Amino acid sequence: MIFKNIIYFLLVVGFSTPVLAQQSATYTNDLVDYQRALSLYNNQQYRASQTLFAKVKKTAKEDVLLSDCDYYIANCAVRLNQQNADKLVTDFVENYPTSTKRNTAYVDVADYYFANGKYAYARKWYDKVDDSALNRNELNKFYFNNGYSAFSTKQYDVAKKYLSRVERTKEYGPQAKYYIGFMAYEGDDYNAANAYFEQVNDQERYKEKLSYYQADLNFKLGKFEKAIELAKARLNTRDPNEISELSKIIGESYFNLNQYAEAIPYLTKYKGKKGKWNNTDFYQLGYAYYKQGDYEKAISEFNKIIGGNDATAQNAYYHLGESYINSGKKQEALNAFRNASQMDFDLKIQEDAWLNYAKISYEIGNPYQSVPQVLTSYLEKYANSSYKNEVETLLIDSYITSKNYKEALRLLEGKNSFENKVAYQKVTFYRGLELYNENNFHEAADLFNKSLKESKDPKFTTRAIFWKAESDYNQGNYGEALIGFKQFQQQASAAVTPEFENIDYNIAYTYFKQKNYSKAIEHFNQFIKNKKAEGVRLNDAYLRLADANFVISDYKNAITAYESAIKVGEIDADYAFFQKAISVGYLGSGSKKISELEQFIIKYPKSKLRDDAMYELANSYVKENNSQKALQMYDRLNAEYKMSSFVQKSLLRQGLVYYNNSNNEQALIKFKKVASDYGGTPEAAQAVSTARLIYIDLGRVNEYASWVKTLDYVDVTDADLDNATYEAAEKQYLDNNTDKAITQFNGYLSQFANGLHKLSAHFYLAKMYSKKGLSGNAAPHYKYVVEASRNEFTEEALLNLTQYHLVNKEWATVVSLLKRLEEEANFPQNVLFAQSNLMKAHYQLDNYNEAVAYAEKVLAHSKVDNKIKSDANIIIARSAMKTKNEEKARKAYVEVEKTATGETAAEALYFDAYFKNKDSKFEASNISVQKLAKDYSGYKYYSAKGLVLMAKNFYALKDAFQATYILESVMDNFKEFDEVVAEAKAELGKIKAQEAKTNASIREE
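The sequence shown lines up with residues -21 to -1, 1 to 984 when you count with mature numbering (1 follows the signal peptide of the UniProt record, and there is no 0).
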């Protein structure tokens, strides 16, 4: 060919000139180099070939030669994977539009990419080919290669178009049919796929792959026996992925034939897609176990279905619920049935799930909503259910068993059937008790009245009468309370109620409050005679019996009762001993009184009454004319109890002893001290008055006048007017004319800013304002008394002023007042009041160590009311949690749980579950949460926190369904608690991230 080209060239151009000769030599060299480059190209030496073609191109003049060089340079670039390869081919086509190699260039590049498995690149260039320029053999190859490239890049429509053109050819037909069949398989056209696969079934190269596809096709066509046969025949493969897929086909085929025992071994061998199962996979294996009665294994598969929301999930959750029931796990079943009941893919399953959810809620309680609400919702949704009567019966009883009386009342309002009225009577009674225990006596009384209006059950009628009376008593309505207690006593069923045992005690106390002491004595004696009480209550009954006798001056019987109280020894033994000594004195035995008071001072060194005893003892020494001992005891009192209200009295008494013994100078010293240190008190007024007499006796009137001018509260000229004005106001007070007393006491303080009786006036004015409920008006007057020198009103004023600031939550002020009350109070109950409120105030101020210290002081009292004891333990527990001392908190919550009621009990139960979770006692923790849901569902905050805890427990117990479902329910049902919802969301995210590693159906949050 080269030779012919040279001859042709020579014949045309000739040898006429040297220039032509030079051109001929150059052209000859180009052709030689061109042929060498072509040889290198054919030997796949593309880089060297490309370099030589480029060299030829530099000197070549002929268009044909230039065109061919560019063609091969671009082709080499493609084969060398050079970055500009595509551009070189495109440039070639654009630069030589008439080149015969234009179409060949497209085909060559496409075929090159095809041969190297770069089908996306191949498709790009095949699309440029003009197939009309190709001969038959080239055309068939083009159709197949183009079709297969499209198949490989999942362009199935294009692939089918080209492969269909060669499906009848001998060379490409079997391959084309296989790939067309595969595309039909992928497109779920199983009949077409099967038809194509059968046409190539005899092809050895496809047999291995077809065995799997045909098994799967038969499965998908519902030919399960054939699918099992084909898949089992192929199980001898060494490919673990294919074994997994074939096992799935066999297992699922058996499943669809209801041959569950045969399905299980194959379903368990399935490894999942990329190592993950989906929800349907878990459902099928779980259902197979369920049908075999292996409920634990069924649960272990069903509960891996997380977040499912389709017919399969609804079915799975329903059967999960049944599996839990058959395994005795009702709490778990509750959640499963609830989930199934919230889906409507299968309405029959939904209704059955609803019924089971409602019944289990009744049995074990419901943490999401009140049980009556669940049952009512079922009846509303399925009004024509054949289970209507059964559910209505459960509904009525659930009002009581749920203990969610507040919600029950809302649901019962307006329901008029007899059964509902019976329930209403009980619910209003129990709700009244809740309010009573929360010290909300007014609302409690209203509820007891409502209960009494539906007197269907005599027992509850009788008990409501009693507690209505108790509520009246605590509101100070003693007349109404007495009527109620007596009415209770007359009821036929009273004797069988728990309240009957103490009825005489209650009646006695009511008479005592009415100052009807003879009747109080009668009933206290009756209560003691019945011998049903013991401990603190019996002790208290003896004390009040003694006090009643003491008030009516029956000192002999008072002494007997005080002695009995001392013998019981539960509470206030020092008070009983002191009162007994006083009573002995009133019986005329001064020496015995002295003896007992001396004994008291030794026996009760920490008693709050010890200063009282010293004062009484000193006074008794005076009566026995033993001035020396009297003065010594007064001195001892003044030294040991500097803050006692008896100090000014003691100093005054000392002055009087000196005065009576004509020791006027010593008397004046005492009187002047009282006058200067305790100004405004009655003792100060008496001290000034007596000092005046001494100065007159001594003839030192001028000295008296000079001294009295130093006392800003004494205006000698206005003394008579001062006394008269005060006494007028005091009379209104004593006559219970509250409004007039307020007006006149204010008038007195306005007229005599430094009056002799200003302390008493401030105190009584405060009491009058308090009586009218004007605590804000009373507070400044109590404050005046509290800030004055220690006096007989200090303790009560401190108590009342503290209560005012407690109501207003002025914690810093409360702390300072309570500390004084704790130190200065004479009455033990006031000390306890101070300490119990100091622990609360310090907690509110985040002073957790101080709060704990005071709580422990409260608990150190020998006898403390359960409510106060519970408050103290809860303060310790909460403070310990705040300071990260969980061990201390754990012990405190155990104590709280013993006595707590209402929300505090719910809190204690939650922490019981919390600490059990910490100890990895997950099942025990869940039992506590279930109890919390059943008994305290009304306290939503702890219900929500308990559910989050339960979710953690379930996940630790490998029950992912329960964990995720509970957390999602918390997020949906307790949105008012941001902190709890945030915790639930975070926990759910962690669980889903973990489960997504093995479950393809789970999407991470």
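Virtual Cβ for every residue (Gly too), placed ideally from N, Cα, C. All values derive from a computational prediction rather than experimental measurement.
Could you check what DSSP says for N(-17) in three-state terms: helix, strand or coil? With a pLDDT of 40 at N(-17), under the threshold of 50, the predicted position of this residue should be treated as unreliable, though the coordinate-derived value follows. Of the three classes helix, strand and coil, the one that applies to N(-17) here is helix, per DSSP.
Whole angstroms is fine: what's the gap from P759's alpha carbon to L631's? 29 Å
For the alpha helix (DSSP H) holding P219, just list the boundary residues, first then last. P219 to N235
Give a yes or no on whether the C-beta atoms belonging to F742 and T704 are separated by under 8 Å. no
Where S586 falls, given that 16 or more other Cβ within 10 Å makes a residue buried: buried
Leaving out five residues on either side along the sequence, give the residues of the same chain with a beta carbon under 8 Å from the beta carbon of K435. F397, K400, V401 and Q404
According to DSSP, what are the bridge partners of K252? K255
Run through the region 743 to 788 for me and flag every whole alpha helix (DSSP H) of 4 or more residues, listed as ranges in chain order. 754 to 766 and 773 to 786
Measure the alpha-carbon distance for R147 versus Y91 and round it to whole angstroms. 26 Å
Three-state class that DSSP yields for N518 in the structure shown: helix
Beta carbon of P807, beta carbon of D591: below 8 Å? no
Neighbourhood of Q633 by C-beta, 7 Å cutoff - its chain only, sequence neighbours within 5 removed: L610, Y613 and K649
Could you give the distance in angstroms between the alpha-carbon of V794 and the alpha-carbon of T862? 21 Å
What's the call for G287, buried or exposed, on a 16-neighbour Cβ count within 10 Å? buried
With burial defined as no fewer than 16 other Cβ atoms inside 10 Å of the residue's Cβ, what is the status of Q941: buried or exposed? buried
According to DSSP, is N124 part of a helix, a strand, or is it coil? helix
Just the Cα atoms here: how many angstroms apart are Y727 and N770? 20 Å
N456 by DSSP, collapsed to three states: which one? coil
By DSSP, does N681 sit in helix, in strand, or in coil? helix
Spell out the partners DSSP gives N428 in its beta bridges. Answer by DSSP bridge pairing: none, since N428 is not bridged.
Exposed unless 16 or more other CB atoms sit within 10 angstroms - verdict on A290: exposed
Could you work out which residue in L326, E275 and V370 is closest to Q293 when comparing CA atoms only? L326
Compare the beta carbon distance of N173 and F203 with 8 Å and say whether it is the shorter of the two. no
With C-beta atoms as the reference, is Y657 less than 8 Å away from S629? no
Suppose the cutoff is 7 Å on Cβ atoms and the five residues either side in sequence are ignored; what does the same chain contact list for I229 look like? I207, A210, K211 and Y245
Could you tell me the boundaries of the alpha helix (DSSP H) in which V563 lies? A552 to Y565
Reduced DSSP secondary structure (H/G/I, E/B, other) of N495: coil
Just the C-alpha distance for Y336 and F316, rounded to the nearest angstrom, thanks. 5 Å
In terms of alpha-carbon separation, which member of S768, A879, Y712 and L735 lies closest to A745? Y712
What does the alpha-carbon distance come out to for the pair Y541 and H502? 17 Å
When you compare each of K919, Y296, N716 and A740 to D331 by their alpha carbons, which one comes out closest? Y296
By Cβ distance below 7 Å, which residues in the same chain neighbour N952 in space, the five residues on each side in sequence not counted? Y347
I285 vs Q310 beta-carbon contact at 8 Å: no
Member of D519, G881 and E962 whose CA lies at the smallest distance from the CA of N383: G881
Cutting at 6 Å between CB atoms, please list the residues of its own chain near V353, excluding the five before and the five after it. A337, S340 and N345
Tell me the residue span of the alpha helix (DSSP H) that contains Y920. K919 to A935
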